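Colleague: Those letters in the sequence shown? Residues 1 to 106, per full-length UniProt numbering, in order.
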Amino acid sequence: MKLYVDTQGKQVTVSRDPEPKNDQNGNQRSEKGTGRLMWSTQVFVLDETGGEVITITTAGEKPSVKVGQLIAVEQLEAIPWATNGRNGVAFRAISLKPAAGTSAAK
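(1) In the DSSP assignment, the beta strand (DSSP E) including serine 64 goes from what residue to what residue?
(2) If we ignore side chains and look at the alpha-carbon of each, how far apart do isoleucine 56 and glycine 85 end up?
(3) Can you grab the Cα-Cα spacing for the pair serine 15 / valine 65, in whole Å?
(4) Going by CA-CA distance only, name the one from Ala78, Leu96, Thr83 that's closest to methionine 1.
(5) To the nearest angstrom, report how far apart arginine 92 and glutamine 42 are at their CA atoms.
(6) Of all the options Val12, Glu48, Asp47, which has the alpha carbon lying nearest to the alpha carbon of alanine 98?
(7) Taking the alpha carbon of glycine 51 as the reference point, which residue from Lys10, Leu76, Thr34 has its own alpha carbon closest?
(8) Less than 6 Å between C-beta atoms, sequence neighbours within five positions excluded: which residues of the same chain meet that for glycine 60?
(9) Measuring CA to CA, which of Glu48, Leu46, Lys62, Trp81 is closest to lysine 21?
(10) Quick one: is proline 18 buried, meaning 16 or more other Cβ sit within 10 Å of its Cβ, or exposed?
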């Protein structure tokens, strides 16, 4: 089962430029099955209840988004994980693109 997060009504702003998602040896990870390179982009998500910083992983071409830019997130998936007594939620999206008709300077 996939858990998708509704980003309607949420303001998503890039807080760190996209960078390669690396494994423990420093090599850029690739998506299983397709071999597409993976990228990590830190964003700040704001809605009426407050804000939170999350990191979103995408696969394929490096997202062409920059720090401070409002973006649109396509199919944000929350992936709960637990390993060696630690746990959390990873976030994955099909794409991150500049939000249509908006700018970060508001």
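All residues carry an ideal CB built from backbone N, CA and C; glycine is no exception. Predicted, not measured: the structure shown is a model, and the values here were computed from it.
Modeller: Answer, in terms of the structure:
(1) Where serine 64 is concerned, there is no enclosing beta strand (DSSP E), given that its DSSP letter is neither H nor E.
(2) Looking at the two C-alpha atoms, the distance is approximately 23 Å.
(3) As the crow flies, the alpha-carbon of serine 15 is around 10 Å from that of valine 65.
(4) Ranking the options by Cα distance to methionine 1, first place goes to Ala78.
(5) Per the coordinates, the alpha-carbon of arginine 92 lies some 12 Å from the alpha-carbon of glutamine 42.
(6) As written in the sequence, residue 98 is proline, which differs from the alanine given in the question. Of Val12, Glu48, Asp47, the smallest CA-CA separation from proline 98 is found for Val12.
(7) A check of alpha carbon separations from glycine 51 across Lys10, Leu76, Thr34 identifies Lys10 as the nearest.
(8) Once the five neighbours on either side are set aside, the close Cβ partners of glycine 60 are Arg36.
(9) Taking lysine 21 as reference, the option from Glu48, Leu46, Lys62, Trp81 with the minimal CA-CA separation is Lys62.
(10) So proline 18 counts as buried.
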